[in-house]
Amino acid sequence: MTLKTLDEAETRALGRRLGRLLKGLDVVLLYGDLGSGKTTFTQGLAKGAGFSGRVVSPTFGLARLYRAKARLIYHLDLYRVAADDTGDIGIEEFVSDPKAFCVVEWPEAGRAYYPADRVEIRFKHLKDGRRISLSGRGKRSKDLIRRMKK
Ligand code: ADP
Ligand code: MG
Numbered sequence: 019m020t021l022k023t024l025d026e027a028e029t030r031a032l033g034r035r036l037g038r039l040l041k042g043l044d045v046v047l048l049y050g051d052l053g054s055g056k057t058t059f060t061q062g063l064a065k066g067a068g069f070s071g072r073v074v075s076p077t078f079g080l081a082r083l084y085r086a087k088a089r090l091i092y093h094l095d096l097y098r099v100a101a102d103d104t105g106d107i108g109i110e111e112f113v114s115d116p117k118a119f120c121v122v123e124w125p126e127a128g129r130a131y132y133p134a135d136r137v138e139i140r141f142k143h144l145k146d147g148r149r150i151s152l153s154g155r156g157k158r159s160k161d162l163i164r165r166m167k168k
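As structure tokens, this is what we get:
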């Protein structure tokens with residue numbers, strides 16, 4: 019599914035639609051340049067999952083944990099992390115916690131750790147907004163995207 023959002027609020031709203039569907043072990047990868055809307059989308063996602071606190075980019079902390087009702091959300095940012103250095107971050111634990119789902123900005127370096135079944139979202143700058151492409155890899159993730167459309 020590909021669509022265009024005209025402002026921050028629309029990107030957040032889209033994030034909310036996915037966030038309300040996510041469950042433990044789901045993994046959402048957010049690809050796109052700096053300022054393309056990955057953190058903004060994650061703010062909506064966390065809200066949709068029931069987290070009402072502040073969501074900021076964890077660039078310098080690499081991972082943040084939010085508690086949303088019965089679910090946990092791991093918010094990772096692997097900006098400027100080299101693939102060789104991902105061993106210390108604990109990505110394996112984040113993606114295998116049955117109570118948590120993971121959302122990853124700049125996911126490239128963590129490639130070795132993600133499950134085959136995952137949601138991939140690509141953000142692109144447009145002159146007047148952002149183009150956002152969502153795709154599900156695997157049965158569960160494809161189903162998530164399908165349910166988002168409703
Ligand atoms: P990233 O995490 O990808 O680096 P952010 O979500 O932190 O990006 O920042 C996106 C910036 O772009 C924000 O300052 C936001 O206000 C602005 N913006 C403008 N239009 C949009 C849009 N359609 N969707 C998301 N952000 C937008
Ligand atoms: Mg960000």
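Residue numbers for the sequence shown follow this note's numbering, so the first one is 19 and each next one is one higher.
For each residue, glycine too, the CB sits at the ideal point set by N, CA and C.
The structure presented is a predicted model; accordingly, all values stated were derived computationally and were not measured.
Taking M19 as the centre and dropping the five residues before and after it, the same chain places the C-beta of S151, L152, S153, I163, M166 and K167 closer than 8 Å to its C-beta, in chain order. Not one heavy atom of ligand 1 is found less than 7 Å from the C-beta of E138. For the pair E111 and K145, the Cα-to-Cα distance works out to about 39 Å. Shortest Cα-Cα distance from A31 to any of L24, V137 and G62 involves G62. When the Cα atoms are used, Y49 and E123 turn out to be separated by approximately 6 Å.
Residue pairing by DSSP places S153 opposite E138 in a beta bridge. In this structure A64 touches V73 by the C-beta definition: roughly 5 Å separates them, less than 8 Å.
By the CB criterion at 8 Å, F141 and K22 fall outside the cutoff.
Residues close to ligand 2 by the beta carbon criterion (under 7 Å to any non-hydrogen atom) are, from first to last along the chain, K56, T57, S75, T77, D95 and E123.
Ligand 1 approaches T23 closely enough that one of its heavy atoms is under 7 Å from the residue's Cβ.
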